[in-house]
Each structure stands twice: as structure tokens, then as C-alpha cells.
Ligand code: SAM
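In this note's numbering, the protein residues as written are 3 to 234.
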């Protein structure tokens with residue numbers, strides 16, 4: 003273990019700071035220090051992240067960085083790093099770059115010869131997988147499936163040949179539809195729905211797709227979900 007008294011932030015570094023996925027107690031001490039000490043925070047949604055910073059009494063200039071301005075924003079981030087600045091990138095929840103903005107910025111930063119440093123912490127896929135009861139030694143993270151039916155079906159069929167536990171993100175509006183699709187492609191596999199992780203109503207629903215469809219009939223599936231599929 004490293005000693006807790008760490009040196010101050012390194013100039014010309016982009017810090018990828020993980021933030022809570024629901025429970026504010028999950029922010030790490032290091033994340034708070036980096037957010038306090040950096041020159042600027044780049045956030046997916048400045049209003050959302052402004053509330054997080056306000057909760058922890060951190061006042062910092064905020065720049066937005068989302069899917070459609072990530073390339074342009076990368077240029078401004080490089081400008082800051084060239085001046086010897088330190089930049090923290092955060093998203094609405096969890097780890098930057100995981101089904102969230104980050105990847106492009108990191109590539110631009112590395113290509114320009116600067117440093118990218120992770121400040122690890124919450125990540126929905128890891129939280130879900132560790133408590134799912136499914137194999138953790140080999141897993142395949144899919145992120146979000148495409149929206150169009152044909153493409154979803156094709157992707158699920160491709161995934162049926164992929165070894166290890168499959169981990170998907172899904173919007174609450176499409177979870178019921180996804181269960182129907184899983185019943186077609188993976189009728190006999192165990193599926194885990196990890197719902198509202200780290201929040202008050204966190205729960206894990208387990209069963210075959212057919213069994214979960216029955217459970218879903220008795221209640222509405224609300225909140226945020228990670229969907230895990232046992233290996234074949
Ligand atoms: N970067 C984030 C991470 O590290 O997990 C993921 C961002 S992605 C845009 C949002 C998706 O992550 C949600 O649609 C859901 O599938 C999953 N997710 C995020 N928070 C969650 C939570 N508290 N419980 C269950 N799933 C969650």
C-alpha cells in the first residue's frame with residue numbers, strides 16, 4: 003500500500019476520476035483531493051456534476067464534455083495541459099470512458115504526449131459482477147446494445163458464442179424488451195438483473211429469462227439496471 007500522504011497533482015495530467023453511481027459515500031478520498039486540487043473539472047453534464055461538487059463543498063471551473071463535443075473539447079483540454087495545467091474528467095456516474103465520454107479525450111491526450119491518470123472508484127459493471135454470483139474470472143462487457151431490433155438480435159446471437167459472463171447496460175425503458183429477446187437467444191441461461199446498485203432499493207433478480215419475465219409481470223422494472231448473462 004502507498005502511504006496516504008501523496009504528492010500534489012502532476013502538471014500536464016488528465017485525471018479520470020470515478021464518481022458515485024448512486025451512493026455519495028462511494029466517492030474516494032483521492033477523488034475528492036483531485037477534484038479539489040485540479041485547475042479545471044471537465045464534466046459530461048455540468049449541472050449534474052455541479053451538484054456533486056457542491057455537495058462536497060468544492061468550487062471549481064466546469065467545462066462540459068459530452069458525446070457530441072468530445073473532439074472539440076479535447077483540443078481545449080490539450081491547451082490546458084500544454085500550459086502545465088491539471089484537468090479532472092468526470093461523468094454523470096461511475097468511471098469515465100465506460101459507456102461514457104472519455105476514450106477520445108484520453109487518446110488525444112496520449113497522442114499529444116501528455117499523461118492520463120486513473121482515479122479509480124465506482125463502476126456499475128464491476129459492482130454488478132462482483133455480487134452477481136456468476137463467474138468473474140472471465141467476462142465480456144458489452145455496454146449498451148444497439149436500439150434497432152434487427153441489430154440487437156444479431157448482436158445477441160454473436161454474443162451467444164462469446165465465452166465468459168456477459169455484462170450489458172440497459173435503459174429501464176428497454177429492460178422488459180431485452181428479457182423477451184434473451185428468452186429467444188438464451189432461454190436456458192441464468193440471468194441476473196442488478197438494479198439500483200448502491201442505492202436504497204438495490205436488488206438482484208435472478209433466473210432464466212422466462213422466470214424473470216414472470217417476475218416482471220408482477221411489478222414494474224424501474225431504475226437503473228446492469229444485465230448479466232451466465233456463460234453458456
Ligand atoms: N460510466 C458508468 C459506469 O462506470 O458504470 C456507466 C454509465 S452508462 C451511461 C449508464 C448505465 O450504467 C445505466 O444505463 C445502467 O445500465 C448502468 N448503471 C449506472 N448506475 C447504475 C446503478 N446504480 N445501478 C445499476 N446500473 C447502473
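By construction, the Cβ of each residue, glycine as well, lies at the ideal position given by its N, Cα and C atoms.
- The continuous stretches of beta strand (DSSP E) do not include residue 33, which lies in the alpha helix (DSSP H) extending over residues 31-39.
- Look at residue 232: its beta carbon is at least 7 Å from all of the heavy atoms in the ligand SAM.
- About 6 Å separates the beta carbons of residue 200 and residue 23, which is inside the 8 Å limit, making them a contact pair.
- Residue 21 is bridged by DSSP to 96.
- Across the structure, residue 42 and residue 117 are spaced so that their CA atoms are roughly 16 Å apart.
- Looking at the DSSP output, residue 66 sits in a beta bridge with 45.
- Burial of residue 197 is indicated by the presence of at least 16 other C-beta atoms within 10 angstroms of its C-beta.
- Residue pairing by DSSP puts residue 145 in a beta bridge opposite 170.
- Counting the other Cβ atoms within 10 Å of the Cβ of residue 102 gives 16 or more, which makes it buried.
- Under the DSSP definition of a beta bridge, residue 90 partners with 17 and 43.
- When distances are taken from the beta-carbon of residue 175 to the heavy atoms of the ligand SAM, even the shortest one reaches 7 Å or more.
- A direct Cα-to-Cα measurement between residue 60 and residue 37 gives close to 7 Å.
- Listed in chain order, the non-local C-beta contacts of residue 26 below 7 Å within the same chain comprise 57, local neighbours out to five positions each way being set aside.
- Per DSSP, the unbroken alpha helix (DSSP H) holding residue 110 starts and ends at 105-113.
- Note that the region 179-198 does not touch the region 95-115; fewer than 3 beta-carbon pairs, one per stretch, sit closer than 8 Å.
- Beta-bridge partners assigned by DSSP to residue 209: 193.
- Between residue 44 and residue 75, the C-beta spacing is below 8 Å.
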